[in-house]
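What follows is one structure encoded as structure tokens, with my remarks underneath.
Numbering (my numbering), first residue to last: 7 to 447.
Structure representation (structure tokens):
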């Protein structure tokens, strides 16, 4: 049992309680930090989860832990209890990233012990750059830019060192928010102009959406947003539907559709003419998507609980496979995803993606001309180029140019010149892989 002078005195420790609670719970949970913060948030602070310290601590977690380990002296990082470990993580973030004065921090947390005060003093003078300079490049980038070495190595294998650094830095920055009016509601042309306290800018390459330069909180609190008349949707998601290019009168199947934001945009493009089927393998997600559809005015969409690996809908003209993935394309919003990822989880997701592609391509092998968009919110080639190269070897399909936007796929793959990637550091959107396939005659 730790002595009094070694551990932090928790008595009357009210300041920052929610921050510490979130960090401690994250250690014990499989939920993302954002999900935990939504559970913890109070009625008096409805936006707590969007501006909290815990999310930032998680964003830089491996770097903070490295600094902490080097600053502990004779203490062992692994022997710290969860409360002390996360308190010190929070302290190092505030002191080094937010430049909070140590005396001010001590006044905020008077319970801090003299022993841990010395740890924090050492952390302030620790020269991270000089220390990591001695390490292999992958480890340097991992610690300087706060990403798992597996992700760093994968990126360095597929892009230049300069691009890799820019992407890693961008993942640690705030995301860009985009807004679009819901054209399935009457009067949609007036929605944008009726917003107050919001500064919008039309996107130069995707004109139907507006970049929210200021006022994201006002958008979220507005009646228009609550009623589903304006929607916050990432530009990359719009590009996926643009690649699908649905038209009125077509039969379209959104195969992994929940929660249904892309489904709504497909419905807009079809203008109420044709057949739109949306499915998901999880019944609770289908139920939630049906409820959302009511608010978004897409009740005419046929929602169904089904497994895309065993297609039930066999006569679609166009199919969207927005496949389950690692979500490494949205680390700006969900930094905890990078620490939950390991090779076992990646391979499990790849197996699911493979089964979905195989199931749909096999079921439609006798329907030449059917077009399929396969997309993943991932910056890893395992979930994009590798899957498409594998599908090209096993099925009678051809690749079509999906978009006049974004970068070509990662080099050294057969599909490279016929697929697209978008990145947060280049295109100000989530990281996405987008491909467009067609069943050959």
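Cβ atoms here follow ideal geometry from the backbone N, Cα and C, with glycine treated the same way.
Residue i to residue j span [Cα, whole Å]
i: residue 56; j: residue 204; result: Unreliable placement is indicated for residue 56, whose pLDDT of 46 sits below 50; no coordinate value is reported for it.
i: residue 334; j: residue 153; result: 11 Å
i: residue 330; j: residue 383; result: 8 Å
i: residue 223; j: residue 198; result: 15 Å
i: residue 444; j: residue 96; result: 51 Å
i: residue 212; j: residue 169; result: 24 Å
i: residue 313; j: residue 363; result: 12 Å
i: residue 395; j: residue 332; result: 19 Å
i: residue 54; j: residue 40; result: Unreliable positioning characterises residue 54 in this predicted model, as indicated by a pLDDT of 40, which lies under 50. The coordinate reading is nonetheless provided below. If I take the Cα positions, the gap works out to 10 Å.
i: residue 17; j: residue 239; result: Note on residue 17: pLDDT 49, under 50, position unreliable in the model; no value is reported.
i: residue 237; j: residue 342; result: 25 Å
i: residue 37; j: residue 119; result: 31 Å
i: residue 25; j: residue 436; result: 27 Å
i: residue 281; j: residue 256; result: 6 Å
i: residue 65; j: residue 178; result: 7 Å
i: residue 74; j: residue 390; result: 37 Å
i: residue 2; j: residue 234; result: Missing from the structure shown is residue 2; the chain here goes from 7 to 447 and no further.
i: residue 49; j: residue 125; result: The predicted model places residue 49 with a pLDDT of 36, which falls under 50 and marks its position as unreliable; any figure quoted below should be read in that light. Going from the Cα of residue 49 to the Cα of residue 125 covers about 36 Å.
i: residue 101; j: residue 123; result: 12 Å
i: residue 71; j: residue 165; result: 28 Å
i: residue 201; j: residue 189; result: 16 Å
i: residue 374; j: residue 361; result: 20 Å
i: residue 319; j: residue 242; result: 26 Å
i: residue 82; j: residue 221; result: 45 Å
i: residue 58; j: residue 340; result: 13 Å
i: residue 420; j: residue 294; result: 39 Å
i: residue 417; j: residue 350; result: 25 Å
i: residue 137; j: residue 76; result: 10 Å
i: residue 10; j: residue 111; result: A caution first: residue 10 carries a pLDDT of 40, below 50, which makes its placement in the model unreliable, though a value can still be read off. In a straight line, the C-alpha of residue 10 is about 20 Å away from that of residue 111.
i: residue 302; j: residue 274; result: 10 Å
i: residue 423; j: residue 405; result: 10 Å
i: residue 447; j: residue 322; result: 16 Å
Residue range of the unbroken alpha helix (DSSP H) whose run includes residue i
i: residue 353; result: 349 to 369
i: residue 32; result: 23 to 34
i: residue 135; result: 134 to 138
i: residue 208; result: Residue 208 -> not in any alpha helix (DSSP H); beta strand (DSSP E) instead, spanning 205 to 208.
i: residue 308; result: Note, residue 308: premise wrong, no alpha helix (DSSP H); beta strand (DSSP E) at 308 to 311.
i: residue 145; result: 143 to 150
i: residue 125; result: 120 to 131
i: residue 42; result: 39 to 46
i: residue 160; result: 155 to 164
i: residue 86; result: Premise fails: residue 86 is in no alpha helix (DSSP H) and is neither H nor E.
i: residue 3; result: Residue 3 falls outside the range modelled here, since the chain spans only 7 to 447, and no answer is possible.
i: residue 174; result: 167 to 177
Outcome for residue i when other beta-carbon atoms lying within 10 angstroms are tallied against a minimum of 16
i: residue 116; result: exposed
i: residue 427; result: buried
i: residue 288; result: exposed
i: residue 79; result: exposed
i: residue 433; result: buried
i: residue 131; result: exposed
i: residue 372; result: exposed
i: residue 140; result: exposed
i: residue 135; result: exposed
i: residue 92; result: buried
i: residue 266; result: buried
i: residue 61; result: buried
i: residue 278; result: exposed
i: residue 377; result: buried
i: residue 324; result: buried
i: residue 142; result: exposed
i: residue 286; result: buried
i: residue 20; result: Its pLDDT being 45, under 50, residue 20 is placed unreliably in this model, and the coordinates cannot settle the point.
i: residue 8; result: Note that residue 8 scores 41 on pLDDT, short of 50, meaning its location in the model is unreliable and no value can be drawn from it.
i: residue 193; result: exposed
i: residue 353; result: exposed
i: residue 210; result: exposed
Boundaries (first-last residue) of the beta strand (DSSP E) holding residue i
i: residue 184; result: 184 to 187
i: residue 69; result: Note, residue 69: premise wrong, no beta strand (DSSP E); alpha helix (DSSP H) at 67 to 77.
i: residue 439; result: 438 to 445
i: residue 296; result: Premise fails: residue 296 lies in the alpha helix (DSSP H), 289 to 302, not in any beta strand (DSSP E).
i: residue 219; result: 216 to 220
i: residue 284; result: 281 to 286
i: residue 328; result: 324 to 328
Presumed contact (8 Å Cβ cut-off) between residue i and residue j, rounded CB distance
i: residue 244; j: residue 258; result: 16 Å between Cβ atoms; not a contact.
i: residue 292; j: residue 268; result: The Cβ separation is near 15 Å, so there is no contact.
i: residue 230; j: residue 218; result: At roughly 13 Å, the Cβ-Cβ gap does not stay under 8 Å, so residue 230 and residue 218 are not in contact.
i: residue 338; j: residue 181; result: 4 Å
i: residue 163; j: residue 262; result: Actually they do not touch by this definition, with Cβ atoms about 28 Å apart.
i: residue 425; j: residue 440; result: 7 Å
i: residue 429; j: residue 173; result: 6 Å
is_contact[residue i, chain C] using C-beta, thresh 8 Å
i: residue 176; result: Of the protein chains in the structure, only one exists, and it is not chain C.
### Task
Would you mind listing the alpha helix (DSSP H) stretches within the region 357 to 431 that are 4+ residues and don't spill past its ends, in chain order?
391 to 400
### Message
Extract the residue ranges of the beta strand (DSSP E) inside the region 222 to 274, only unbroken runs of 3 or more that lie entirely within it.
### Response
The qualifying runs are 236 to 238, 257 to 260.
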